[in-house]
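See structure below.
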Amino acid sequence: MIPAMPAIATRSAVQASVSALRFGRVAAMGALAALIVFAGVWGSWGSAQHVLLPKGREQGTVRVAACAGGTCSGPFSPTSAGARARARVELPESVAVRKGRTYDVVLKPGTAQGLRSGPAGMLYAWVPLGGALLLASVVVAGGMRLTRLAWVLGLAGLGLLTAAFVAVQ
Numbered sequence: 031m032i033p034a035m036p037a038i039a040t041r042s043a044v045q046a047s048v049s050a051l052r053f054g055r056v057a058a059m060g061a062l063a064a065l066i067v068f069a070g071v072w073g074s075w076g077s078a079q080h081v082l083l084p085k086g087r088e089q090g091t092v093r094v095a096a097c098a099g100g101t102c103s104g105p106f107s108p109t110s111a112g113a114r115a116r117a118r119v120e121l122p123e124s125v126a127v128r129k130g131r132t133y134d135v136v137l138k139p140g141t142a143q144g145l146r147s148g149p150a151g152m153l154y155a156w157v158p159l160g161g162a163l164l165l166a167s168v169v170v171a172g173g174m175r176l177t178r179l180a181w182v183l184g185l186a187g188l189g190l191l192t193a194a195f196v197a198v199q
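Under the working numbering, the first residue of the sequence shown carries the number 31, and numbering increases by one thereafter.
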C-alpha cells in the first residue's frame with residue numbers, strides 16, 4: 031500500500047512546477063525578443079554607420095539619371111573636402127529614390143555606392159530596426175505577457191517606420 035501524500039506537499043510541488051515553467055517561458059521569449067531587436071540593429075548598422083558618422087567620408091549630391099535592375103545611378107557632385115566628382119554613383123532603388131531628383135548622399139568607403147544622408151537617410155537606415163521592434167512586440171505580448179512593454183516596442187517600431195516613410199517622400 032502506498033502512503034498518501036499530504037495535500038500541502040502536492041500543492042506546493044505543482045506550484046513550483048508551474049512557476050518553473052512560467053520562468054522558462056518568460057526567459058526563452060525574452061531571449062528571443064532580445065535576439066530579434068539585436069538582429070534589427072545589426073541589419074540597420076551596415077548602412078546607418080555611414081550616414082550617422084559621415085566624418086572622413088565623401089559627401090555630396092547625386093542627380094538620379096537612370097534606374098534599372100534595382101539600382102539608380104547618376105553623377106556625383108562633391109560637397110565635402112577630399113571628395114572627388116564622379117560620373118556615376120549608384121543608389122539602391124527604393125521608395126527613397128526617384129529618377130530626376132537630386133539627393134544628398136554619403137559614399138561607402140572604397141566604392142561608388144551612395145547612401146542618402148540627412149534626416150531622411152538616417153531614418154531610412156534604421157527601417158530594419160523598426161520592423162524588428164514590431165516583431166519583438168508580438169513576442170513580448172504573446173510569450174512574456176508584458177502588454178505595456180509590448181505596446182511601447184510596437185509603437186516605437188511603428189513610429190520609426192512612419193517617420194522614415196514620411197521623411198523619404
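We put the CB at the ideal spot given by N, CA and C, even for glycine.
Owing to the predicted nature of the structure, the values given are computational and were not obtained by experimental measurement.
Is DSSP giving A180 helix, strand or coil here?
-> helix
Could you check the C-alpha separation between P149 and G172 for me, to the nearest Å?
-> 34 Å
Kindly confirm or deny that the stretch 158 to 175 and the stretch 81 to 90 touch, where touching means at least three C-beta pairs closer than 8 Å.
-> no
Using a threshold of 8 Å, state whether the C-beta atoms of M152 and V56 are closer than that.
-> no
Give a yes or no on whether the C-beta atoms belonging to W156 and A78 are separated by under 8 Å.
-> yes
Near V198, what residues of its chain come up, given a Cβ to Cβ distance below 7 Å and the 5 sequence neighbours on each side ignored?
-> V125, A126, A150 and Y154
With a cut-off of 8 Å, do at least 3 Cβ pairs link the stretch 163 to 170 to the stretch 57 to 74?
-> yes
Do E120 and Q143 have their C-beta atoms within less than 8 Å of each other?
-> yes
Determine the direct distance from the alpha carbon of F106 to that of R114, and round the result to whole angstroms.
-> 8 Å
For the stretch 126 to 155, list the beta strand (DSSP E) runs that are entirely contained and at least 3 residues long, ordered along the chain.
-> 132 to 137 and 144 to 146
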